[in-house]
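Residue numbers (this note's numbering), protein chains in the order written: chain A, 7 to 163; chain B, 95 to 255. For every residue, glycine included, the Cβ atom is placed at its ideal position computed from N, Cα and C. All values reported here derive from a predicted model rather than from experimental measurement.
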């Protein structure tokens with residue numbers, strides 16, 4: 007089995023893991039947009055005029071990317087979106103940690119800093135997820151999923 | 095291939111953002127697109143926190159004659175509960191650091207007592223005012239600071255045994 011085939015098959019569970027992760031992460035943010043807006047504002051990076059816009063749109067992009075990864079639809083585009091979001095999250099976390107902010111990550115359900123405080127471990131975790139998204143972006147060949155099914159149907163027709 | 099992936103990603107982001115804005119407009123608890131008033135963000139300011147070691151309420155160091163004891167509870171809590179003999183009352187304020195003059199006074203009192211260790215006890219809550227006061231004074235130059243795990247309630251339980 008060639009390296010490309012190995013990475014292509016490794017990309018499948020990575021894709022599903024990231025898909026579940028991103029859909030799960032977005033669920034609470036969409037259900038309680040105000041809480042997520044407070045989380046975004048807490049980072050104190052974006053101007054006030056962009057806080058709500060980010061809080062409204064970002065979770066839906068997470069859901070779309072997550073569902074595409076799960077279903078095997080345009081997986082590379084979805085992985086690119088996930089990688090881009092991970093880079094933004096890592097940057098925001100690093101800035102917050104550099105400022106010494108004792109705050110919640112806001113990555114999943116909104117929690118107090120006491121329950122889910124940010125740390126360099128959070129950054130390491132996000133770097134791991136970034137690596138997984140890069141694996142999908144580079145290695146995925148669409149082995150399993152709707153795109154592959156549609157392609158087979160086209161070939162048969 | 096790269097260009098196609100970039101275009102598809104941009105399209106997905108744009109369509110998702112469009113759906114998000116549409117849903118936000120229709121839902122009853124949608125956010126205004128532009129926040130008009132700043133969010134009330136409660137993030138503790140970075141404090142110069144130092145090293146503190148926890149000690150059990152029955153640790154001999156707590157009652158030792160070589161220990162300088164500090165009660166970090168609020169005045170009301172300190173009045174309501176027992177205080178360790180000789181403990182100096184320095185109520186911990188979650189918002190304001192100890193004024194420099196008060197800290198200097200405390201440092202002089204510790205030096206004059208010839209104590210080799212400082213033990214702070216607070217309300218024993220989560221977070222514990224004793225631990226936080228300990229971190230604050232340790233971060234501002236007072237050495238060998240410990241806090242009583244469980245704070246005053248743990249000390250009281252230990253005393254009533």
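query: What are the uninterrupted segments assigned as alpha helix (DSSP H) that are 4 or more residues long and contained completely in the stretch 221-251 of chain B, given in chain order?; result: 223-233
query: Taking all protein chains shown into account, do 16 or more other C-beta atoms lie within 10 angstroms of the C-beta of residue 231/B, making it buried, or fewer, making it exposed?; result: buried
query: In chain order, what are the residue ranges of uninterrupted alpha helix (DSSP H) at least 4 long that sit wholly in the stretch 143-219 of chain B?; result: 154-157, 169-174 and 194-207
query: Is residue 178/B close to chain A, meaning its C-beta is less than 8 Å from at least one C-beta of that chain?; result: no
query: Could you work out which residues of chain B lie near residue 82/A, taking near to mean beta carbons separated by less than 7 Å?; result: 99
query: Are the CB atoms of residue 194/B and residue 181/B nearer to each other than 8 Å?; result: no
query: Once the 5 residues before and after residue 135/A are set aside, which same chain residues still bring their CB inside 6 Å of it?; result: 92
query: Given residue 146/A, which residues of its chain have a CB within under 7 Å of its CB, disregarding the five upstream and five downstream residues?; result: 14, 17, 21, 81, 82 and 85
query: State the Cα-Cα distance for the pair residue 149/A and residue 121/B, rounded to the nearest angstrom.; result: 38 Å
query: What's the call for residue 107/B, buried or exposed, on a 16-neighbour Cβ count within 10 Å?; result: buried
query: Using a Cβ distance threshold of 8 Å, determine whether the stretch 158-173 of chain B contacts the stretch 204-224 of chain B, with at least three qualifying pairs required.; result: yes
query: Looking at chain A, which residues of the stretch 205-225 of chain B have a Cβ within less than 8 Å of any of its Cβ atoms?; result: 220 and 221
query: For residue 110/A, which residues does DSSP report across the bridge?; result: 123/A
query: Here's the rule: buried if 16 or more other CB atoms are within 10 angstroms of the residue's CB, otherwise exposed. What is residue 120/A?; result: Reliability of the predicted coordinates at residue 120/A is poor, the pLDDT of 48 falling under 50, and the value obtained from them is presented with this limitation in mind. Per the 10 Å Cβ criterion, exposed.
query: If contacts are defined as beta-carbon pairs under 8 Å, then residue 63/A and residue 115/B qualify, I think. What distance do you get, rounded to the angstrom?; result: 7 Å
query: What residues from chain A crowd round residue 148/B, counting only those whose CB sits closer than 9 Å?; result: Under the 9 Å cutoff, chain A gives no residues; its nearest Cβ is about 17 Å from residue 148/B.
query: Quick one, are the C-beta atoms of residue 128/A and residue 107/A less than 8 Å apart?; result: no
query: Check whether chain B comes within 8 Å of residue 120/A, counting only Cβ atoms and requiring the distance to be less than that.; result: In this prediction, residue 120/A scores a pLDDT of 48, lower than 50, which makes its location untrustworthy; no coordinate-derived value is stated.
query: Under a CB-based cut-off of 8 Å, is residue 124/A close to chain B?; result: no
query: What would DSSP say about residue 8/A, mapped onto helix, strand or coil?; result: coil
query: Do we get a CB-CB distance below 8 Å when we pair residue 34/A with the residues of chain B?; result: no
query: Quick one: give me the first and last residue of the alpha helix (DSSP H) that residue 65/A is part of.; result: 54-77
query: How many angstroms separate the CA atom of residue 183/B from the CA atom of residue 255/B?; result: 25 Å
query: Do the stretch 146-159 of chain B and the stretch 242-251 of chain B touch if we need at least three Cβ pairs shorter than 8 Å?; result: yes
query: Just the chain A side, please: which residues come within less than 8 Å of residue 115/B by C-beta, in chain order?; result: 62 and 63
query: Can you look up residue 153/A in the DSSP assignment and give me helix, strand or coil?; result: helix
query: If you drop the 5 nearest sequence neighbours on each side, which residues of the same chain put their C-beta closer than 7 Å to that of residue 139/A?; result: 24, 85, 88, 89 and 92
query: In chain order, what residues of the same chain lie with their CB nearer than 7 Å to the CB of residue 132/A, ignoring the 5 residues before and after it?; result: 92, 95, 96 and 99
query: Shorter than 8 Å from the beta carbon of residue 70/A to some beta carbon of chain B?; result: yes
query: Is it the case that the Cβ atoms of residue 178/B and residue 125/B are separated by a distance below 8 Å?; result: no
query: Label residue 118/A either buried or exposed according to how many other C-beta atoms from any shown protein chain fall within 10 Å of its C-beta, with 16 as the threshold for buried.; result: Only weak support is given to the placement of residue 118/A: the predicted model assigns it a pLDDT of 48, under 50, and the question is left unresolved by the model.
query: Please identify, using Cβ separations under 9 Å, the residues of the stretch 116-133 of chain B that lie next to chain A, in order along the chain.; result: 117, 118, 121, 123, 124, 125, 126, 127, 128, 129, 130, 131, 132 and 133
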